[in-house]
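Visitor: Numbering (numbering that gives the first Met the number 0), first residue to last: 0 to 254. In this text, a Cβ means the ideal position worked out from N, Cα and C, and glycines have one as well. One structure follows; several queries about it will come next.
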Amino acid sequence: MSRQHHRPGPHELGQNDLVDRRTITAVVALARECGGPYVEWAAGRGALTRPLARIGAPLHVVELDPRRVAALERAALGPHVCIGAGDILRHAPPAGTRTLVANLPFHVTTPALRHLLRETHWQHALLITQWEVARKRAGVGGATQLTAQWWPWVDTGLVQRIPATAFRPVPSVDAGLLHLRRRPEPLLPASEQRDYHEFVRRVFGGRGRHLAQILTGAGVSREAANRLAAQRRPGALPRDLDAATWVAAYRSRRT
Ligand SMILES: C[S@@+](CC[C@H](N)C(=O)[O-])C[C@H]1O[C@@H](n2cnc3c(N)ncnc32)[C@H](O)[C@@H]1O
């Protein structure tokens, strides 16, 4: 078959569907708490879509696989549910969206997360990702550059571990439920996003034997770098900083 006519199969599309009732109930209960209108990315066969639709708030659904889209349309979930065929990496949640829910296809987790963080029309995102990804993104046991870059605007929390047996086909690793919340009161103004992102990139890419040296190399005053490093455990690295310390370090740059 030519590349042009290649139709990705279930594995390539990351079609590990949720089948565990308890997990579905927990995700939808949290979505209900966060409130609608809703967007669901990567809706699949509708394991989450159906109970989300029953909440009754507007629900905008995106799925790439045309067969799955057609099946969701046939399910006639109600006039408040809009089923869209499309790529989540290109989808912009409509203005007014409160909560975005996604059991993310594992192969696009990081690009989907990057894309989501750049989108502004959502307040909560409930994301199912591989367990290690969920832990890292939530800053458990060390934060990633991407998490640190968005922390002043988006708070992250790890809700629960989801065993691999909750999916069909069963993936090779467990998953986790990640909760991103847009901070009602950001720790930095949006106008500083670009400078702050660059600062975090410099710190993560910086050289130095210890944290104070790395921070100084990224432009933090020596005094502030020593003070912030002294508040962490010995041997701490940039990934060990929390949101408040990142902001304090950014604000302590030499002018
Ligand atoms: C892990 S399954 C989740 C399905 C369903 N939400 C569930 O929880 O059972 C991921 C779904 O994303 C779809 N998908 C894969 N890549 C996609 C993309 N780039 N944009 C939209 N959907 C995609 C797959 O076809 C699959 O239905």
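1) So, does the stretch 209-224 touch the stretch 165-177, judging by three or more C-beta pairs under 8 Å?
2) Identify the continuous alpha helix (DSSP H) that holds residue 26 and give its terminal residues.
3) On the three-state DSSP scale, how would you describe residue 39?
4) For residue 78 and residue 72, I'd like the C-alpha separation in whole angstroms.
5) Does the beta-carbon of residue 206 have 16 or more other beta-carbons within 10 angstroms, so that it is buried, or is it exposed?
6) Which parts of the stretch 126-206 are runs of the alpha helix (DSSP H), unbroken and 4 residues or longer, counting only runs that do not cross its ends?
7) In terms of DSSP beta bridges, what is residue 100 paired with?
8) Identify, in the order they occur along the chain, each residue of the same chain with its Cβ nearer than 6 Å to the Cβ of residue 109, setting aside the five sequence neighbours on each side.
9) If you check the beta carbons only, do residue 179 and residue 123 fall under 9 Å apart?
10) How would you call residue 230, buried or exposed, if buried means at least 16 neighbouring beta carbons within 10 angstroms?
11) Give me the Cβ distance between residue 46 and residue 82, rounded to the nearest whole Å; I'm assuming they're in contact under 8 Å.
12) May I ask you to verify whether the stretch 34-41 touches the stretch 96-108, counting CB pairs closer than 8 Å and requiring at least 3?
13) Would you tell me roughly how many angstroms separate the C-alpha atoms of residue 242 and residue 106, rounded to the nearest one?
14) Quick one: what's residue 62 bridged to in DSSP?
15) Is the beta carbon of residue 130 within less than 8 Å of some heavy atom of ligand 1?
16) Check this for me: beta carbons of residue 177 and residue 126, under 9 Å apart or not?
17) Within 10 angstroms of its Cβ, does residue 174 collect 16 or more other Cβ (buried), or is it exposed?
18) At a cut-off of 8 Å, is residue 48 close to ligand 1 when judged by its beta-carbon and the heavy atoms of the ligand?
Guide: Reading off the structure:
1) No contact exists between the stretch 209-224 and the stretch 165-177.
2) First-last of the alpha helix (DSSP H) with residue 26: 20-33.
3) In the structure shown, residue 39 falls within a strand segment according to DSSP collapsed to helix, strand and coil.
4) Straight-line spacing of the CA atoms in residue 78 and residue 72 works out to 11 Å.
5) Residue 206 comes out exposed.
6) Listed in chain order, the complete alpha helix (DSSP H) runs (minimum 4 residues) inside the stretch 126-206 are 130-136, 144-149 and 192-204.
7) Answer by DSSP bridge pairing, in chain order: 39 and 125.
8) The answer is none, since no qualifying residue turns up.
9) A contact, by the Cβ cut-off of 9 Å.
10) Exposed is the call here.
11) That belief does not hold up - the Cβ atoms of residue 46 and residue 82 are roughly 15 Å apart, past 8 Å.
12) The stretch 34-41 is in contact with the stretch 96-108.
13) Take the alpha-carbon of residue 242 and the one of residue 106: they are about 28 Å apart.
14) DSSP output for residue 62 lists 84 as bridge partner(s).
15) Taking 8 Å as the cut-off, the C-beta of residue 130 does not count as close to any heavy atom of ligand 1.
16) Cβ atoms of residue 177 and residue 126: closer than 9 Å.
17) So residue 174 counts as buried.
18) Yes, the Cβ of residue 48 comes within 8 Å of a heavy atom of ligand 1.
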